[in-house]
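**Q** Here it is, the structure in full.
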Amino acid sequence: MISRRTIIQSLGLLTAATLLGSPKEAVAMANRQDVWFMPDESDPHERTWMAFGASQGIWGRKLLLDVQRSLATIALTIAKYEPVSMLVRQSDLPRAQQLMEDKVDLIVCPLDDLWVRDTGPVFVVTEHGDKTAVDFNFNGWGEKQHFDDDARVATFIAQRAGVRRIQTDLVLEGGGIEVDGQGTAIITESCMLNENRNPGVSKTQCERELKRLLGLEKIIWLPGIKGKDITDGHTDFYARFARPGVVIAGYDPDPKSFDHAVTKQHRDILRRATDVEGRTLDVVVLEEPSRVRGKFANDDFAAGYINFYVCNGAVIAPEFGDSRTDAAAHRELQRAFPGRDVVQINVDGIAAGGGGIHCTTQQEPKV
Numbered sequence: 020m021i022s023r024r025t026i027i028q029s030l031g032l033l034t035a036a037t038l039l040g041s042p043k044e045a046v047a048m049a050n051r052q053d054v055w056f057m058p059d060e061s062d063p064h065e066r067t068w069m070a071f072g073a074s075q076g077i078w079g080r081k082l083l084l085d086v087q088r089s090l091a092t093i094a095l096t097i098a099k100y101e102p103v104s105m106l107v108r109q110s111d112l113p114r115a116q117q118l119m120e121d122k123v124d125l126i127v128c129p130l131d132d133l134w135v136r137d138t139g140p141v142f143v144v145t146e147h148g149d150k151t152a153v154d155f156n157f158n159g160w161g162e163k164q165h166f167d168d169d170a171r172v173a174t175f176i177a178q179r180a181g182v183r184r185i186q187t188d189l190v191l192e193g194g195g196i197e198v199d200g201q202g203t204a205i206i207t208e209s210c211m212l213n214e215n216r217n218p219g220v221s222k223t224q225c226e227r228e229l230k231r232l233l234g235l236e237k238i239i240w241l242p243g244i245k246g247k248d249i250t251d252g253h254t255d256f257y258a259r260f261a262r263p264g265v266v267i268a269g270y271d272p273d274p275k276s277f278d279h280a281v282t283k284q285h286r287d288i289l290r291r292a293t294d295v296e297g298r299t300l301d302v303v304v305l306e307e308p309s310r311v312r313g314k315f316a317n318d319d320f321a322a323g324y325i326n327f328y329v330c331n332g333a334v335i336a337p338e339f340g341d342s343r344t345d346a347a348a349h350r351e352l353q354r355a356f357p358g359r360d361v362v363q364i365n366v367d368g369i370a371a372g373g374g375g376i377h378c379t380t381q382q383e384p385k386v
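Position in the sequence shown (from 1) plus 19 gives the number in this note's numbering.
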């Protein structure tokens with residue numbers, strides 16, 4: 020079963036996004052002719068952002084140490100290819116230093132949890148080398164979890180990265196956005212159009228604002244599924260771009276799983292879809308493992324291969340102990356990302372809480 024873990028604000032119609040900074044800066048930016056766009060994840064990175072934010076109150080005593088080890092494994096693996104900056108509570112700093120030593124840049128910051136893909140900003144750039152960060156108003160996936168500290172993570176990262184922050188009335192998480200870097204995006208309706216994020220906001224209004232903020236020209240909408248996991252069906256557990264025109268889609272073969280029918284539906288939608296250039300998508304399907312290691316197996320265990328992360332020179336992907344599907348995932352990812360290392364790691368601690376590698380990371384593009 021593919022899953023994720025089970026600014027308090029009432030939104031009406033969208034208004035124009037507000038650029039934070041001085042009035043002079045805002046006017047200067049508004050007068051620019053540059054177009055902001057969200058790069059493809061496989062474009063060069065300045066660094067990867069992460070958060071050492073697991074807490075006993077959310078994860079429980081038995082799982083906490085394994086989750087922290089999984090986070091360290093992800094960070095140390097990525098650090099072989101590019102710099103990693105890890106946010107960490109002051110109280111957790113000794114543990115983080117013990118696990119990662121000086122191989123990861125540790126930055127003290129208040130945190131509620133570890134999902135920086137959703138709490139952090141989405142970086143956008145121009146062809147002229149400017150960079151800024153979009154704050155999508157993290158609200159705990161529709162106020163399902165405490166989020167006071169995590170709601171400020173996007174601002175904190177933007178400041179540490181030395182870039183301006185763009186704010187919008189839309190509420191969304193980075194895990195709900197998948198782009199090819201050339202104007203096409205894949206987004207799930209179950210998340211983006213959910214009343215717990217954007218009440219009263221139409222699909223047309225969402226499209227208009229997302230196109231403006233992220234430099235999009237076409238959005239492929241997948242239905243997703245509400246209420247089965249804490250994210251209401253993020254895109255990054257269903258479909259990912261390998262490159263323009265090529266999409267990797269997840270498939271749950273278990274007919275008893277709530278994701279079985281929806282992953283088949285997504286696969287069919289993607290096979291019929293075209294990107295902004297009019298190309299029919301080449302859809303590579305990765306089947307979910309039929310078994311996982313027993314220690315952490317539970318109803319929330321996120322056993323999909325789609326939640327991989329692309330960094331400089333490598334694809335960091337999970338393995339679950341199913342030799343057949345682990346090998347198939349490695350083979351297909353290697354074909355989809357020629358010239359990159361495909362590194363599979365055990366992140367069962369995080370998977371047991373319904374997340375994956377991509378959920379714990381946020382790329383900052385190099386410009």
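Each residue gets a CB set at the ideal place from its N, CA and C atoms; glycine is no exception.
Computed from a prediction, not measured in an experiment: that's the story for all the values here.
(1) By Cβ distance below 8 angstroms, which residues in the same chain neighbour residue 362 in space, the five residues on each side in sequence not counted?
(2) Under the rule that 16 or more other beta-carbon atoms within 10 Å means buried, what is residue 127, buried or exposed?
(3) Tell me whether the beta-carbon of residue 280 lies closer than 8 angstroms to the beta-carbon of residue 356.
(4) What would DSSP say about residue 367, mapped onto helix, strand or coil?
(5) Drop a sphere of 10 angstroms on the beta-carbon of residue 318, count the other beta-carbons inside from all chains shown, and report buried for 16 or more, exposed for fewer.
(6) Could you give the distance in angstroms between the alpha-carbon of residue 249 and the alpha-carbon of residue 310?
(7) Taking all protein chains shown into account, decide if residue 294 is buried (16 or more other Cβ within 10 angstroms of its Cβ) or exposed.
(8) Relative to the C-alpha of residue 377, which candidate in 134, 148 and 98 has its C-alpha closest?
(9) Quick one, which of 56, 54, 85 and 66 has its alpha-carbon nearest residue 367's?
(10) For the stretch 217–224 against the stretch 261–270, do three or more pairs of beta-carbon atoms, one drawn from each stretch, fall closer than 8 angstroms, so that the two count as touching?
(11) Is it the case that the stretch 134–148 contacts the stretch 164–174, given that we only count it when at least three CB pairs across the two stretches are under 8 angstroms?
(12) Residue 108: buried (16+ other C-beta within 10 angstroms of its C-beta) or exposed?
(13) By Cβ distance, which residues of its chain are closer than 7 angstroms to residue 302, with the 5 residues on each side in sequence left out?
(14) Here's the rule I'm using: 16 or more other beta-carbon atoms within 10 Å means buried, otherwise exposed. How should residue 147 be labelled?
(15) Taking the alpha-carbon of residue 73 as reference, which of 213, 360, 102 and 114 has the nearest alpha-carbon?
(16) Using the C-alpha atoms, what's the distance from residue 157 back to residue 211?
(17) Evaluate residue 184 with the Cβ neighbour count: other Cβ atoms within 10 Å of its Cβ, from every protein chain shown; 16 or more gives buried, anything less gives exposed.
(18) Closest to residue 15 by C-alpha separation, out of 55, 195, 228 and 383, would be which residue?
(19) Would you say residue 375 faces chain D, with C-beta separation under 8 angstroms as the test?
(20) Ends of the beta strand (DSSP E) at residue 125?
(21) For residue 379 versus residue 93, is the C-beta spacing smaller than 8 angstroms?
(22) Helix or strand or just coil, what does DSSP make of residue 279?
(23) With 16 as the cutoff for other CB atoms within 10 Å, does residue 346 come out buried or exposed?
(24) Since residue 305 sits in a beta bridge, which residues does DSSP pair it with?
(25) Could you check how far apart the C-beta atoms of residue 11 and residue 251 are, in whole angstroms? I think they sit under 8 angstroms.
(26) In this structure, how does DSSP classify residue 188 when only helix, strand and coil are distinguished?
(27) Would you mind reading off the limits of the alpha helix (DSSP H) that contains residue 316?
(28) When the distance is taken between beta carbons, is residue 53 closer than 8 angstroms to residue 187?
(29) Can you check which of these residues, 300, 241, 307 and 292, is closest to residue 272 by C-alpha distance?
(30) Helix, strand or coil for residue 337? Go by DSSP, reduced to three states.
(31) Which partner residues of residue 293 appear in the DSSP bridge assignment?
**A** So, to answer that:
(1) If we look at residue 362 and ignore the five residues flanking it on each side, its Cβ neighbours are 96, 333, 334, 335 and 336.
(2) Taking every protein chain shown into account, the CB of residue 127 has fewer than 16 other CB atoms within 10 angstroms, so this residue is exposed.
(3) Against a cut-off of 8 angstroms, the Cβ pair of residue 356 and residue 280 comes out as no contact.
(4) In the structure shown, residue 367 sits in a helix (DSSP, three-state: H, G or I).
(5) Exposed.
(6) If you take the alpha carbons of residue 249 and residue 310, they lie about 23 angstroms apart.
(7) Under the 10 Å beta carbon count, residue 294 is surrounded by 16 or more other beta carbons and is classified as buried.
(8) Selected option, being the one with the closest Cα: 134.
(9) When each option's Cα is compared against that of residue 367, the closest is 85.
(10) By the criterion of at least three beta-carbon pairs nearer than 8 angstroms, the stretch 217–224 is not in contact with the stretch 261–270.
(11) By the C-beta criterion, the stretch 164–174 is judged to be in contact with the stretch 134–148, since at least 3 inter-stretch pairs fall below 8 angstroms.
(12) Counting Cβ neighbours within 10 Å, residue 108 comes out buried, since at least 16 surround it.
(13) The beta carbon of residue 302 is closer than 7 angstroms to those of 266, 268, 286, 289 and 290 in its chain, skipping five residues each way along the sequence.
(14) So residue 147 ends up on the exposed side.
(15) The candidate whose alpha carbon is nearest that of residue 73 is 114.
(16) Approximately 12 angstroms, taken between the alpha carbons.
(17) Residue environment: residue 184 is assigned as buried (16 or more neighbouring CB atoms within 10 Å of its CB, all protein chains considered).
(18) Any property of residue 15 remains undetermined from this structure, which presents the chain solely from 20 to 386.
(19) Note that chain D does not occur in the displayed structure, where there is just one protein chain.
(20) Residue 125 -> beta strand (DSSP E) spans 124–127.
(21) Yes. Within cutoff.
(22) Residue state, collapsed to three classes: helix.
(23) Per the 10 Å Cβ criterion, exposed.
(24) 269.
(25) With the chain represented from 20 up to 386, any question about residue 11 goes unanswered, as that position is not in the structure.
(26) Under the three-state reduction of DSSP output, residue 188 falls in the coil class, being neither helix nor strand.
(27) Premise fails: residue 316 is in no alpha helix (DSSP H) and is neither H nor E.
(28) Against a cut-off of 8 angstroms, the Cβ pair of residue 53 and residue 187 comes out as no contact.
(29) It is 307 whose Cα lies nearest to the Cα of residue 272.
(30) If DSSP states are grouped into helix, strand and coil, residue 337 belongs with the strands.
(31) Note: residue 293 sits in a beta bridge opposite 299.
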